[in-house]
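**Q** In the working numbering, the protein residues as written are 1 to 270. Note that the Cβ used here is the ideal one computed from N, Cα and C, for glycine as well. Following this message is one structure expressed as structure tokens.
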Ligand SMILES: NC(=O)c1ccc[n+]([C@@H]2O[C@H](COP(=O)([O-])OP(=O)(O)OC[C@H]3O[C@@H](n4cnc5c(N)ncnc54)[C@H](OP(=O)(O)O)[C@@H]3O)[C@@H](O)[C@H]2O)c1
């Protein structure tokens, strides 16, 4: 496909690099900063485009700007997209209609359910990643499924109404896991123990949770309803840092809710 990229940030560049690898062509790049558009264009083999003129012919316009700027960009490009066959943004939260201001091509969203921290690492991670495809247009849907497959990714249909909860689920998977690891690291350090000793344990619990399901994989005092141990842990963490103690208590509560022991554990949290 011939692609136009708007917003050469982490996700846009990652998707563009993976697209080039798969044999697609980037026919132009738009960015707020003309220098950024030129640099990305040089890298992707397409020219920097202007916000003020009609976009060149393309199969897909990829609007890879941050979520809050999608509508604004669509309105800026209204009337310039007559030669575009379809347009997508990359947000897992915003509805497909966030691009309806383009006033022309069928619109949708194309959400890689993967972390794309840098263009290079992101491009590599798209292989095997699931991609949520949202659009009401059958032709665009077929093209987006084929596009995802060409990248070695796995497309799935994602309804507009499911997106807010779907996105919360993705944030819980990605961000809460990292936050729990950061909490653990601080506590190992506070105990004077090298946090690396926790790495085999961390890998094992993630494998267990994915293979057995979270409820079956949970071990530890909150899962057992071991109130005395939970109390002792909480007292130690609160004495070390009251803010961290508050976060730790919230995590214990969430863990007990998953384990079905909240009634018992609630008493220890008072
Ligand atoms: N990174 C990920 O892991 C990931 C994964 C899945 C989906 N996504 C989605 O991908 C989209 C982009 O995220 P990102 O992580 O790539 O963000 P990013 O690295 O911050 O890149 C955002 C790009 O959008 C541009 N931009 C921001 N506001 C703009 C505006 N008002 N007009 C024109 N361009 C504007 C930025 O340009 P400036 O440099 O000028 O600000 C930058 O080129 C988001 O919808 C996000 O939800 C990201």
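#1: When the Cα of residue 25 is compared with those of 42, 31, 203, 52, which residue comes out closest?
#2: Alpha carbons only, please: which of 3, 257, 157 is nearest the one belonging to residue 113?
#3: Buried or exposed: residue 204, going by 16 or more other Cβ atoms within 10 Å of its Cβ?
#4: From the DSSP output, which residues share a beta bridge with residue 87?
#5: Closest to residue 35 by C-alpha separation, out of 49, 27, 22, 23, would be which residue?
#6: Can you pull the DSSP bridge partners for residue 220?
#7: For residue 216 and residue 104, I'd like the C-alpha separation in whole angstroms.
#8: Is the segment 57-70 close to the segment 82-98, with three or more CB pairs under 8 Å?
#9: Does the beta-carbon of residue 46 have 16 or more other beta-carbons within 10 angstroms, so that it is buried, or is it exposed?
#10: Kindly list the residues whose CB is nearer than 6 Å to the CB of residue 154, restricted to its own chain and excluding five residues on each side of it in sequence; keep chain order.
#11: If we count the other Cβ atoms within 10 Å of its Cβ and call it buried at 16 or more, is residue 176 buried or exposed?
#12: Leaving out five residues before and five after residue 54 in sequence, what residues of the same chain have Cβ atoms less than 6 Å from its Cβ?
#13: Using the Cβ count rule (16 or more neighbours within 10 Å means buried), how would you classify residue 165?
#14: Look at the Cβ atom of residue 245, then the Cβ atom of residue 238, and state whether they are nearer than 8 Å.
#15: Would residue 14 pass as a contact of residue 123 if the rule is Cβ separation under 8 Å?
#16: According to the neighbour-count rule (16 or more other Cβ atoms, all chains shown, within 10 Å of its Cβ), is residue 221 buried or exposed?
#17: Classify residue 7 as helix, strand or coil using the three-state DSSP reduction.
#18: Are residue 74 and residue 30 touching if we call contact CB-CB under 8 Å?
#19: Using the beta-carbon count (16 or more within 10 Å), is residue 210 buried or exposed?
#20: Would you mind listing the alpha helix (DSSP H) stretches within the segment 105-155 that are 4+ residues and don't spill past its ends, in chain order?
#21: I'd like to know whether the C-beta atoms of residue 11 and residue 116 end up nearer to each other than 8 Å.
#22: Would residue 276 be called buried (16 or more neighbouring beta carbons within 10 Å of its own) or exposed?
#23: Do you know how far the Cα of residue 184 is from the Cα of residue 197?
#24: What distance in whole Å lies between the Cβ atoms of residue 178 and residue 218, which are believed to be in contact at a cut-off of 8 Å?
#25: Under 7 Å from any heavy atom of ligand 1, does the C-beta of residue 42 make it?
#26: Can you name the start and end residues of the alpha helix (DSSP H) that residue 243 belongs to?
**A** Taking the geometry as given:
#1: 42
#2: Cα-wise, what sits closest to residue 113 is 157.
#3: exposed
#4: 61, 107
#5: 49
#6: Note: residue 220 sits in no beta bridge, so no partner.
#7: Going from the Cα of residue 216 to the Cα of residue 104 covers about 50 Å.
#8: yes
#9: buried
#10: 130
#11: exposed
#12: 80
#13: exposed
#14: Less than 8 Å divides the Cβ of residue 245 from the Cβ of residue 238.
#15: Between residue 14 and residue 123, the C-beta gap is smaller than 8 Å, which places the two residues in contact.
#16: That one is buried.
#17: coil
#18: no
#19: exposed
#20: 119-126, 138-150
#21: yes
#22: Look at the range of the chain in this structure, 1 to 270, and you will see that residue 276 is not part of it.
#23: 11 Å
#24: Rounded, the Cβ-Cβ distance is 19 Å, inconsistent with contact.
#25: Answer for residue 42: no, Cβ out of range of ligand 1.
#26: 242-259
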